[in-house]
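A quick write-up on the structure given underneath.
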Amino acid sequence: MGILRLLYVIVHFLITHIHNLHVALSELVDRIKPVIKDRTYRWPADCHVLLTATTVKLGANIKDESLLLQKIGSELKRLNKLPIHVACLLTEKDVNIDRMIVIIEWFVSMGVYCISLYDHEGCIASCQDEIKIKLKGVVANLPNGLRSKSIAVHKGFVKKEFFNSDSINVFLMNHYDGKSLFTQVTRRIVDELNYSQIDQSVVEQAMNQFYPKEPELMVQFGSLLSNTTLGYSPWHLRLTQMMRVPNHTRLRVDHIVSTMLEYGSCQQRFGK
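For reference, each letter of the sequence shown is one residue, going -26 to -1, 1 to 246 in mature numbering (1 follows the signal peptide of the UniProt record, and there is no 0).
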(Lines of atoms letter the chains of each structure in order from A and count residues from 1; the text may use other names and numbers.)
(Lines give C-alpha, C1' and ligand atoms only; values in the text may rest on other atoms or scores of the structure.)
Protein backbone atom coordinates (compact mmCIF):
# COMPACT_ATOMS: atom_id res chain seq x y z
CA MET A 1 0.00 0.00 0.00
CA GLY A 2 2.91 2.31 0.72
CA ILE A 3 4.20 1.96 -2.85
CA LEU A 4 0.75 2.59 -4.32
CA ARG A 5 0.36 5.65 -2.14
CA LEU A 6 3.74 6.97 -3.29
CA LEU A 7 2.85 6.36 -6.94
CA TYR A 8 -0.44 8.19 -6.45
CA VAL A 9 1.34 11.21 -4.94
CA ILE A 10 3.89 11.29 -7.79
CA VAL A 11 1.23 11.00 -10.51
CA HIS A 12 -0.91 13.67 -8.84
CA PHE A 13 2.12 15.97 -8.58
CA LEU A 14 2.99 15.51 -12.26
CA ILE A 15 -0.57 16.03 -13.47
CA THR A 16 -0.97 19.17 -11.36
CA HIS A 17 2.24 20.73 -12.65
CA ILE A 18 1.51 19.77 -16.26
CA HIS A 19 -1.90 21.41 -15.92
CA ASN A 20 -0.38 24.56 -14.42
CA LEU A 21 2.18 24.68 -17.24
CA HIS A 22 -0.61 24.30 -19.79
CA VAL A 23 -2.55 27.18 -18.20
CA ALA A 24 0.55 29.39 -18.15
CA LEU A 25 1.34 28.66 -21.81
CA SER A 26 -2.29 29.30 -22.75
CA GLU A 27 -2.14 32.68 -21.03
CA LEU A 28 1.04 33.52 -22.97
CA VAL A 29 -0.50 32.47 -26.28
CA ASP A 30 -3.64 34.50 -25.49
CA ARG A 31 -1.50 37.60 -25.12
CA ILE A 32 0.65 37.28 -28.24
CA LYS A 33 -1.81 35.62 -30.65
CA PRO A 34 -3.90 38.74 -31.42
CA VAL A 35 -0.92 40.76 -32.65
CA ILE A 36 0.67 38.06 -34.83
CA LYS A 37 -2.28 36.20 -36.38
CA ASP A 38 -3.73 39.08 -38.40
CA ARG A 39 -1.43 41.36 -40.36
CA THR A 40 -4.25 43.81 -41.01
CA TYR A 41 -3.81 45.33 -37.54
CA ARG A 42 -2.45 48.85 -37.54
CA TRP A 43 1.02 48.73 -36.04
CA PRO A 44 1.94 50.06 -33.54
CA ALA A 45 -1.44 51.61 -32.67
CA ASP A 46 -3.28 48.34 -32.10
CA CYS A 47 -0.38 46.94 -30.08
CA HIS A 48 -0.61 50.02 -27.89
CA VAL A 49 -4.30 49.54 -27.14
CA LEU A 50 -3.65 45.87 -26.33
CA LEU A 51 -0.87 46.80 -23.93
CA THR A 52 -3.16 49.35 -22.32
CA ALA A 53 -5.80 46.67 -21.90
CA THR A 54 -3.43 44.28 -20.11
CA THR A 55 -3.11 46.80 -17.28
CA VAL A 56 -6.81 46.55 -16.40
CA LYS A 57 -7.24 43.94 -13.68
CA LEU A 58 -10.11 43.02 -11.44
CA GLY A 59 -9.55 44.46 -8.01
CA ALA A 60 -7.55 47.40 -9.32
CA ASN A 61 -8.30 50.94 -8.25
CA ILE A 62 -11.78 51.66 -9.62
CA LYS A 63 -10.96 55.21 -10.68
CA ASP A 64 -7.79 54.15 -12.51
CA GLU A 65 -9.57 51.22 -14.15
CA SER A 66 -12.40 53.47 -15.35
CA LEU A 67 -9.91 55.89 -16.90
CA LEU A 68 -8.12 53.04 -18.67
CA LEU A 69 -11.40 51.63 -19.98
CA GLN A 70 -12.37 55.09 -21.22
CA LYS A 71 -9.03 55.40 -23.03
CA ILE A 72 -9.41 51.94 -24.58
CA GLY A 73 -12.95 52.78 -25.72
CA SER A 74 -11.84 56.00 -27.41
CA GLU A 75 -9.02 54.20 -29.22
CA LEU A 76 -11.28 51.39 -30.42
CA LYS A 77 -13.54 53.97 -32.08
CA ARG A 78 -10.79 54.36 -34.68
CA LEU A 79 -11.60 50.91 -36.03
CA ASN A 80 -13.40 50.56 -39.35
CA LYS A 81 -16.31 48.94 -37.56
CA LEU A 82 -17.52 48.01 -34.09
CA PRO A 83 -20.27 45.51 -33.28
CA ILE A 84 -23.62 46.97 -32.28
CA HIS A 85 -24.84 43.77 -30.63
CA VAL A 86 -22.49 41.28 -28.96
CA ALA A 87 -23.75 37.85 -27.91
CA CYS A 88 -21.84 36.18 -25.06
CA LEU A 89 -22.14 32.39 -25.29
CA LEU A 90 -21.39 30.68 -21.99
CA THR A 91 -20.42 27.03 -22.28
CA GLU A 92 -19.64 26.59 -18.58
CA LYS A 93 -22.15 25.07 -16.15
CA ASP A 94 -21.45 27.53 -13.34
CA VAL A 95 -21.70 31.25 -14.08
CA ASN A 96 -20.19 33.90 -11.82
CA ILE A 97 -22.70 36.75 -11.98
CA ASP A 98 -20.32 39.33 -10.50
CA ARG A 99 -17.76 38.47 -13.13
CA MET A 100 -20.33 38.81 -15.92
CA ILE A 101 -21.31 42.24 -14.59
CA VAL A 102 -17.69 43.34 -14.96
CA ILE A 103 -17.52 41.94 -18.50
CA ILE A 104 -20.69 43.85 -19.42
CA GLU A 105 -19.05 47.01 -18.06
CA TRP A 106 -16.04 46.36 -20.28
CA PHE A 107 -18.20 46.04 -23.39
CA VAL A 108 -20.21 49.16 -22.56
CA SER A 109 -17.01 51.16 -22.01
CA MET A 110 -15.90 50.06 -25.48
CA GLY A 111 -19.08 51.35 -27.11
CA VAL A 112 -21.25 48.21 -27.19
CA TYR A 113 -24.67 48.96 -25.68
CA CYS A 114 -26.57 45.82 -26.68
CA ILE A 115 -25.28 42.63 -25.04
CA SER A 116 -26.84 39.17 -24.90
CA LEU A 117 -25.85 36.63 -22.26
CA TYR A 118 -26.71 33.15 -23.50
CA ASP A 119 -26.55 29.85 -21.67
CA HIS A 120 -28.31 26.75 -22.90
CA GLU A 121 -30.36 25.97 -19.79
CA GLY A 122 -31.30 29.52 -18.84
CA CYS A 123 -29.48 29.71 -15.49
CA ILE A 124 -28.58 33.35 -16.13
CA ALA A 125 -32.20 34.31 -16.78
CA SER A 126 -33.11 33.14 -13.27
CA CYS A 127 -30.79 35.86 -11.92
CA GLN A 128 -32.51 38.73 -13.74
CA ASP A 129 -33.30 40.78 -10.61
CA GLU A 130 -29.77 40.37 -9.23
CA ILE A 131 -28.22 41.38 -12.54
CA LYS A 132 -30.49 44.42 -12.83
CA ILE A 133 -29.57 45.67 -9.35
CA LYS A 134 -25.83 45.17 -9.84
CA LEU A 135 -25.83 46.83 -13.27
CA LYS A 136 -27.35 49.97 -11.79
CA GLY A 137 -24.28 50.25 -9.58
CA VAL A 138 -22.06 49.92 -12.64
CA VAL A 139 -23.47 53.08 -14.22
CA ALA A 140 -21.77 55.26 -11.60
CA ASN A 141 -18.35 54.00 -12.75
CA LEU A 142 -18.95 54.64 -16.44
CA PRO A 143 -17.54 57.67 -18.30
CA ASN A 144 -19.58 60.87 -18.00
CA GLY A 145 -21.26 60.47 -21.38
CA LEU A 146 -22.71 57.09 -20.38
CA ARG A 147 -23.93 57.82 -16.86
CA SER A 148 -27.19 59.28 -18.15
CA LYS A 149 -28.05 56.05 -19.99
CA SER A 150 -30.69 53.83 -18.48
CA ILE A 151 -30.18 50.07 -18.21
CA ALA A 152 -32.78 47.54 -19.31
CA VAL A 153 -32.44 43.82 -18.56
CA HIS A 154 -34.71 41.64 -20.70
CA LYS A 155 -35.59 37.95 -20.58
CA GLY A 156 -35.51 36.53 -24.08
CA PHE A 157 -36.68 38.41 -27.17
CA VAL A 158 -38.90 41.47 -26.75
CA LYS A 159 -41.21 43.28 -29.14
CA LYS A 160 -40.03 46.44 -30.84
CA GLU A 161 -42.14 48.74 -28.65
CA PHE A 162 -40.35 47.51 -25.51
CA PHE A 163 -36.85 48.21 -26.86
CA ASN A 164 -35.13 51.57 -26.37
CA SER A 165 -32.04 51.94 -28.55
CA ASP A 166 -30.78 54.81 -26.36
CA SER A 167 -30.51 52.52 -23.33
CA ILE A 168 -27.94 49.92 -22.39
CA ASN A 169 -29.82 46.73 -23.22
CA VAL A 170 -28.85 43.37 -21.71
CA PHE A 171 -30.70 40.26 -22.90
CA LEU A 172 -30.71 37.01 -20.90
CA MET A 173 -31.15 34.19 -23.39
CA ASN A 174 -31.47 30.40 -23.56
CA HIS A 175 -32.35 27.85 -26.24
CA TYR A 176 -36.08 28.03 -25.49
CA ASP A 177 -36.20 31.69 -26.57
CA GLY A 178 -35.35 30.91 -30.19
CA LYS A 179 -38.12 28.32 -30.42
CA SER A 180 -40.61 30.72 -28.84
CA LEU A 181 -39.65 33.51 -31.25
CA PHE A 182 -39.94 31.20 -34.24
CA THR A 183 -43.42 30.16 -33.08
CA GLN A 184 -44.56 33.78 -32.66
CA VAL A 185 -43.23 34.84 -36.05
CA THR A 186 -44.79 31.84 -37.79
CA ARG A 187 -48.16 32.43 -36.13
CA ARG A 188 -48.14 36.12 -37.07
CA ILE A 189 -47.32 35.39 -40.72
CA VAL A 190 -49.91 32.63 -41.04
CA ASP A 191 -52.63 34.76 -39.44
CA GLU A 192 -51.99 37.80 -41.64
CA LEU A 193 -51.02 36.38 -45.05
CA ASN A 194 -51.89 33.72 -47.57
CA TYR A 195 -49.36 31.02 -48.34
CA SER A 196 -48.66 32.48 -51.80
CA GLN A 197 -47.66 35.83 -50.27
CA ILE A 198 -44.98 34.43 -47.99
CA ASP A 199 -41.35 34.91 -49.02
CA GLN A 200 -38.02 35.70 -47.37
CA SER A 201 -38.68 39.45 -47.15
CA VAL A 202 -41.97 38.81 -45.33
CA VAL A 203 -40.24 36.56 -42.80
CA GLU A 204 -37.44 39.09 -42.24
CA GLN A 205 -39.96 41.89 -41.78
CA ALA A 206 -41.75 39.85 -39.13
CA MET A 207 -38.46 38.98 -37.42
CA ASN A 208 -37.52 42.67 -37.32
CA GLN A 209 -40.40 43.31 -34.95
CA PHE A 210 -38.42 41.60 -32.19
CA TYR A 211 -35.19 42.47 -30.38
CA PRO A 212 -32.32 41.78 -30.07
CA LYS A 213 -31.38 41.74 -33.73
CA GLU A 214 -28.75 39.45 -35.18
CA PRO A 215 -25.44 39.88 -33.27
CA GLU A 216 -22.51 41.07 -35.32
CA LEU A 217 -20.16 39.30 -32.91
CA MET A 218 -20.57 36.15 -30.82
CA VAL A 219 -17.97 35.62 -28.10
CA GLN A 220 -17.74 31.99 -26.98
CA PHE A 221 -16.51 31.68 -23.40
CA GLY A 222 -14.50 28.60 -22.54
CA SER A 223 -15.66 26.66 -25.60
CA LEU A 224 -13.77 23.47 -26.44
CA LEU A 225 -15.61 23.04 -29.74
CA SER A 226 -15.03 25.36 -32.66
CA ASN A 227 -18.02 27.60 -33.40
CA THR A 228 -20.45 25.74 -31.15
CA THR A 229 -23.69 27.68 -30.60
CA LEU A 230 -25.43 25.42 -28.04
CA GLY A 231 -28.87 26.02 -29.50
CA TYR A 232 -28.60 29.78 -30.15
CA SER A 233 -31.16 30.69 -32.83
CA PRO A 234 -29.43 29.76 -36.13
CA TRP A 235 -31.56 32.22 -38.13
CA HIS A 236 -29.94 34.99 -36.07
CA LEU A 237 -26.38 34.00 -36.98
CA ARG A 238 -26.18 34.53 -40.74
CA LEU A 239 -23.57 37.29 -40.56
CA THR A 240 -22.31 36.73 -37.04
CA GLN A 241 -18.56 36.55 -36.53
CA MET A 242 -17.77 33.88 -33.91
CA MET A 243 -14.66 34.10 -31.75
CA ARG A 244 -13.46 32.12 -28.76
CA VAL A 245 -12.06 33.49 -25.51
CA PRO A 246 -11.10 31.81 -22.21
CA ASN A 247 -13.52 30.88 -19.45
CA HIS A 248 -15.33 33.98 -18.17
CA THR A 249 -13.62 33.64 -14.78
CA ARG A 250 -10.19 33.89 -16.48
CA LEU A 251 -11.12 36.55 -19.02
CA ARG A 252 -9.09 39.76 -19.17
CA VAL A 253 -9.77 43.05 -20.89
CA ASP A 254 -7.04 42.39 -23.46
CA HIS A 255 -8.95 39.27 -24.56
CA ILE A 256 -11.97 41.46 -25.33
CA VAL A 257 -9.85 44.15 -26.99
CA SER A 258 -8.08 41.64 -29.23
CA THR A 259 -11.47 40.20 -30.19
CA MET A 260 -12.76 43.67 -31.09
CA LEU A 261 -9.62 44.36 -33.13
CA GLU A 262 -10.00 41.08 -34.99
CA TYR A 263 -13.67 41.78 -35.66
CA GLY A 264 -12.82 45.27 -36.91
CA SER A 265 -10.53 43.81 -39.55
CA CYS A 266 -12.64 40.84 -40.71
CA GLN A 267 -14.86 40.57 -43.78
CA GLN A 268 -18.31 39.12 -43.20
CA ARG A 269 -20.32 37.26 -45.81
CA PHE A 270 -23.82 35.82 -45.85
CA GLY A 271 -24.06 32.22 -44.73
CA LYS A 272 -26.02 29.66 -46.69
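Ideal Cβ positions, reconstructed from N, Cα and C, are used throughout, including at glycine.
Would you give the residue range spanned by the alpha helix (DSSP H) that K153 belongs to? H149 to E166
Exposed or buried, which one is T233 when buried takes at least 16 other CB atoms within 10 Å? buried
Candidates I(-17), V127 and C101: closest to L87 by CA position: Here residue 87 turns out to be Tyr, not Leu, going by the sequence shown. Nearest option by C-alpha distance: V127.
Can you tell me where the alpha helix (DSSP H) with R73 in it begins and where it stops? I71 to S83
So is the beta-carbon of I107 under 6 Å away from any non-hydrogen atom of the ligand COA? What this structure holds is no ligand at all, so the ligand COA is not there to describe.
Is it buried or exposed for P208, if we count other Cβ within 10 angstroms and need 16 for buried? exposed
Need the endpoints of the alpha helix (DSSP H) that L235 sits in, please. V227 to S239
Continuous beta strand (DSSP E) stretch holding L63: start and end: H59 to L64
Count the other C-beta atoms from every protein chain shown that fall within 10 angstroms of the C-beta of S154, then say buried if there are 16 or more, exposed otherwise. exposed
Inter-residue CB distance, F136 and D151 (contact presumed, cutoff 8 Å): Rounded, the Cβ-Cβ distance is 15 Å, inconsistent with contact.
How long is the line joining the alpha carbons of R161 and N221, rounded to whole angstroms? 38 Å
With a 10 Å radius around its C-beta and 16 neighbouring C-beta atoms as the bar for buried, classify D77 as buried or exposed. The amino acid at residue 77 is misidentified as Asp; the sequence shows Ile. Buried.
Rounded Cβ spacing between G47 and G85 (contact assumed at less than 8 Å): 6 Å
Can you round the beta-carbon distance between H94 and L204 to whole angstroms, since I take them to be within the 8 Å contact cut? 5 Å
Can you give the beta carbon distance from E79 to F195, rounded, assuming they're within the 8 Å contact cut? Rounded, the Cβ-Cβ distance is 16 Å, inconsistent with contact.
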